[in-house]
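Trainee: This structure is in structure tokens; I'll ask about it shortly.
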Amino acid sequence: MQIQVVKSKIHRVTVTGADLNYIGSITIDEALLEASNIIEGEKVQIVNINNGERLETYAIKGPRNSGEITLNGPAARKVHRGDIVIIISYGLMDFEAAKTFKPTIVFPNEKDNSLT
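Numbering (the numbering used here) for the sequence shown: 16 to 131.
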């Protein structure tokens, strides 16, 4: 049996933009993607701490060390610049392997979304 488990998490980052006129997705600073083990195109869940919204989209790479976290397309209606969000990706694993699996979790600085 396989189960879905948390694979990666970027815990509490600040939204830097919301672009309603973009095709879709969430733009994430490339350094945050690498540190969290999330790849471009991967499905992610966005949890908005400020208003309780939860949505799913896919990740796209933003400029490295820019701190960019921009919700694009329809998702832009669910956030405001300055909101704090959690970005989560999940993976399917064998039940027994999942018991010992450790997800990659990063805790960026909320002021500038940096890893330091």
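Just so it is clear, CB atoms sit at the ideal spot from N, CA and C, and this is done for glycine as well.
Predicted model, so just to flag it, every value in this text is computed and none were measured.
Under a three-way DSSP split, which group does Arg27 fall into?
Mentor: Three-state DSSP puts Arg27 in a strand.
Trainee: For the beta strand (DSSP E) that Ala74 lies in, which residues bound it at each end?
Mentor: Unbroken beta strand (DSSP E) run through Ala74: Arg69 to Gly77.
Trainee: Would you kindly work out how many angstroms separate the C-alpha atoms of Ser129 and Lys76, rounded to a whole number?
Mentor: One C-alpha to the other measures close to 15 Å.
Trainee: Is it right to say Gly143 is buried, meaning 16 or more other beta carbons lie within 10 angstroms of its own, or is it exposed?
Mentor: This structure cannot speak to residue 143, because the chain is shown only from 16 to 131.
Trainee: Classify Gly56 as helix, strand or coil using the three-state DSSP reduction.
Mentor: Of the three classes helix, strand and coil, the one that applies to Gly56 here is coil, per DSSP.
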